[in-house]
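Student:
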Amino acid sequence: MATRGFPEGFAWGAATASYQIEGSVTADGRGASIWDTFAHTPGKVLNGENGDVAVDHYARYAEDVALMGSLGLNAYRFSLSWPRIQPGGRGVNGAGLDFYKRLVDELLEQGITPYATLYHWDLPQELQDAGGWPERDTAYRFAEYAQVAHEALSDRVKHWMTVNEPWCAAFLGYGSGDHAPGLRSSAQAVRAAHHLLLAHGLAAPLLKANDCLVGAAPNLYAVTPVSDSEADLDAARRIDGLQNRFFLDALLRGSYPEDVVADLEPFGFADVVQPGDLDLIGGKVDFLGINYYSRHTVSADPDAAGMVATSPFASASPWPGAESVAFVNAGRPVTDMGWEVDPGGLHEILTRVAKEYPSVPLYITENGAAYVDTVADGGVDDQERLDYIEAHLAACHDAIADGVPLKGYFAWSFLDNFEWGWGYGKRFGLVYVDYETQVRIPKSSAHWYGRVARHNGLS
Ligand SMILES: N#[N+]C[C@@H]1[C@@H](O)[C@H](O)[C@@H](O)[C@@H]2O[C@H]12
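Position one of the sequence shown corresponds to residue 1 (the UniProt record's numbering), numbered consecutively onward.
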């Protein structure tokens with residue numbers, strides 16, 4: 001019995017993404033994505049690993065959904081592979097859509113509510129060849145893709161997210177180059193950031209048809225200066241602006257923060273936004289997803305590279321707006337990613353968003369931790385990951401008690417999977433995957449989380 005109960009109907013889920021788990025990258029007409037190209041480029045992914053096989057979810061989806069059901073999850077967040085549905089970024093590949101129809105039918109059969117993300121970074125390569133996200137037309141191609149997917153699935157999928165972590169897609173993909181397509185241009189990065197939001201704005205009205213709800217899933221961080229010096233306070237303002245307020249204001253208010261626009265002026269940002277764009281972008285969500293992992297603790301440092309470890313090859317070039325900002329460790333325990341464990345930061349983000357952007361239902365669309373896992377006696381005892389999730393769920397419970405309209409939580413991730421630049425070197429899953437045999441082993445955190453879901457709360 002839960003002593004710290006959550007609201008009735010709370011969504012207890014786990015999250016994944018297409019390129020990270022599916023594999024079968026040429027099956028049934030799938031085209032190449034920028035991550036196929038990037039991962040096959042030497043020096044971009046640890047040990048030269050890629051998502052060609054991943055964890056074979058395209059073939060094993062029924063087994064994986066059955067495992068979700070047996071554990072007790074009532075929701076599942078997954079992403080659609082754009083190049084599986086539109087191989088060259090245009091048209092319709094029925095065989096690609098059929099996979100997602102099969103997947104959704106398995107979920108519904110298990111009583112699991114599907115939450116579909118349209119863009120989790122696997123842009124069709126042909127659209128990148130035509131300019132990618134810095135090119136305004138890509139936003140219109142996305143809206144067409146969204147229409148195709150929605151027409152095929154909206155009879156069964158009622159929760160849609162347009163873009164996952166547009167900050168990563170823009171600033172790591174086009175700014176630092178640590179993510180696909182691996183370009184390093186601040187001007188391109190800020191263009192990409194706006195066009196990802198424009199893509200959301202163009203698609204959102206289309207996705208509401210057929211009684212559907214639409215959201216987006218930005219990655220938000222609590223941000224703290226190392227001191228109250230003017231320089232450190234400004235460093236925190238800049239990072240909070242670019243990481244959080246740029247996306248929250250656009251999505252929820254239909255505006256960009258003036259200070260952030262000024263910070264981005266050197267990169268030509270003012271030329272990117274066309275009249276009417278922000279009216280298209282703002283106020284379209286029925287809910288907001290929040291991906292939360294940790295807090296940024298920052299200081300002003302003219303010699304700083306301004307990067308958080310997002311890949312083993314983290315470049316020295318800062319993402320736009322992070323010049324002369326150092327990201328420091330404040331002494332908290334860290335996960336295998338080197339990210340500080342700070343559940344208080346999640347409570348801070350939730351209560352801040354609820355206060356500053358009121359009346360928007362919220363979901364934690366990603367939260368979780370990488371730790372080194374070891375199989376022993378046929379099981380995996382991942383107490384650190386369990387403790388991480390429990391502490392963050394306790395922060396969610398406190399936030400709800402403080403009036404935050406939190407409707408669900410998705411652990412990242414259901415399965416160990418391809419962790420972008422880290423390849424298979426970082427395990428975030430509730431379920432362990434033996435990458436040689438593809439055998440799944442629910443970790444102790446999976447069994448515990450399933451009990452939390454079934455009891456709708458923490459003990
Ligand atoms: N790194 N890391 C883990 C996790 C990544 O695997 C997801 O694909 C992203 O949405 C987000 O960055 C978070």
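Ideal placement from N, C-alpha and C gives every residue a C-beta, glycine not left out.
Could you check which residue in Leu202, Gly23, His392 and Ser185 has the C-alpha nearest to that of aspartate 342?
Tutor: His392
Student: I'd like to confirm something about tryptophan 319: is its beta-carbon nearer than 7 Å to some heavy atom of ligand 1, or not?
Tutor: It does not: the Cβ of tryptophan 319 is nowhere closer than 7 Å to a heavy atom of ligand 1.
Student: With a threshold of 7 Å (Cβ to nearest heavy atom), would tryptophan 167 be considered close to ligand 1?
Tutor: Because no heavy atom of ligand 1 lies under 7 Å away, the Cβ of tryptophan 167 does not count as near it: no.
Student: In the DSSP assignment, find the alpha helix (DSSP H) that holds threonine 449 and state where it starts and stops.
Tutor: One point to set straight first is that residue 449 is tyrosine, not threonine, in the sequence displayed. In the DSSP annotation of this structure, the continuous segment of the alpha helix (DSSP H) that includes tyrosine 449 starts and ends at 444 to 455.
Student: Taking 7 Å as the cut-off, is the CB of methionine 337 close to at least one heavy atom of ligand 1?
Tutor: Checking the Cβ of methionine 337 against ligand 1 gives yes.
Student: When the Cβ atoms of the region 214 to 227 are set against those of the region 156 to 169, are three or more pairs found closer than 8 Å?
Tutor: yes
Student: Relative to the alpha-carbon of alanine 411, which residue among Val439, Ala453, Val375 and Gly425 has its alpha-carbon at the smallest distance?
Tutor: Ala453
Student: Exposed or buried, glutamate 366, counting other C-beta atoms within 10 Å across all chains shown (16 or more means buried)?
Tutor: buried
Student: Does any heavy atom of ligand 1 sit closer than 7 Å to the C-beta of glutamine 20?
Tutor: yes
Student: For the region 91 to 98 against the region 56 to 73, do three or more pairs of beta-carbon atoms, one drawn from each stretch, fall closer than 8 Å, so that the two count as touching?
Tutor: Three or more Cβ pairs closer than 8 Å define a contact, and the region 91 to 98 falls short of that threshold against the region 56 to 73.
Student: Could you tell me if asparagine 329 is buried or exposed, where buried requires 16 or more neighbouring beta carbons within 10 angstroms of its beta carbon?
Tutor: exposed
Student: With three or more C-beta pairs closer than 8 Å as the rule, is the region 174 to 185 touching the region 241 to 250?
Tutor: no
Student: Give me the Cβ distance between alanine 399 and leucine 350, rounded to the nearest whole Å; I'm assuming they're in contact under 8 Å.
Tutor: 4 Å
Student: Indicate whether asparagine 74 and threonine 117 have their beta-carbon atoms separated by less than 8 Å.
Tutor: no
Student: Any heavy atom of ligand 1 inside 7 Å of the beta-carbon of alanine 262?
Tutor: Within the chosen limit of 7 Å, ligand 1 does not reach the beta carbon of alanine 262 with any heavy atom.
Student: Among all the DSSP beta bridges, which residues are the ones paired with histidine 159?
Tutor: The partner list for histidine 159 (beta bridge, DSSP) reads Tyr115 and Leu213.
Student: Quick test of the definition: if touching needs 3 or more C-beta pairs under 8 Å, does the region 75 to 87 touch the region 118 to 131?
Tutor: yes
Student: Measuring CA to CA, which of Lys443, Gly423 and Ala322 is closest to glutamate 49?
Tutor: Looking at Lys443, Gly423 and Ala322, the one whose alpha-carbon comes closest to that of glutamate 49 is Gly423.
Student: Relative to the C-alpha of alanine 149, which candidate in Val190, Arg136 and Gly89 has its C-alpha closest?
Tutor: Gly89
Student: Look up alanine 17 in the DSSP assignment and say whether it is helix, strand or coil.
Tutor: coil
Student: Thinking C-alpha only, which one of Val380, Pro312 and Ser229 is nearest glycine 425?
Tutor: Pro312
Student: Does the pairing of the region 293 to 304 with the region 224 to 242 give three or more beta-carbon distances under 8 Å?
Tutor: yes
Student: Would phenylalanine 428 and tyrosine 363 be called neighbours here (beta carbons separated by less than 8 Å)?
Tutor: No, these two residues do not count as a Cβ contact at 8 Å.
Student: Assuming valine 433 and proline 442 are in contact, meaning their beta carbons sit under 8 Å apart, how far apart are those beta carbons, in whole angstroms?
Tutor: Their Cβ separation, rounded to whole angstroms, is 11 Å, which puts valine 433 and proline 442 out of contact at 8 Å.
Student: Relative to the C-alpha of glycine 268, which residue among Gly51, Gln125 and Ala187 is closest?
Tutor: Ala187
Student: Return the residue from the list Leu406, Val65 and Asp336 that minimises the CA-CA distance to histidine 347.
Tutor: Leu406
Student: Thinking C-alpha only, which one of Ala199, Val190, Leu278 and Ile290 is nearest alanine 222?
Tutor: Ile290
Student: State yes or no: is the C-beta of residue 462 within less than 8 Å of the C-beta of serine 255?
Tutor: The question about residue 462 has no answer, for the chain in this structure spans 1 to 459.
Student: Leucine 143 and leucine 202: beta carbons closer than 8 Å?
Tutor: Reading off the sequence, residue 143 comes out as alanine, not leucine. In this structure, leucine 202 lies closer than 8 Å to alanine 143 by Cβ.
Student: Between residue 481 and isoleucine 85, what straight-line distance do the alpha-carbon atoms span, to the nearest angstrom?
Tutor: The first residue shown for the chain is 1 and the last is 459, placing residue 481 beyond what the model contains.
Student: For tryptophan 420, verify whether its CB is less than 7 Å away from any heavy atom of ligand 1.
Tutor: yes
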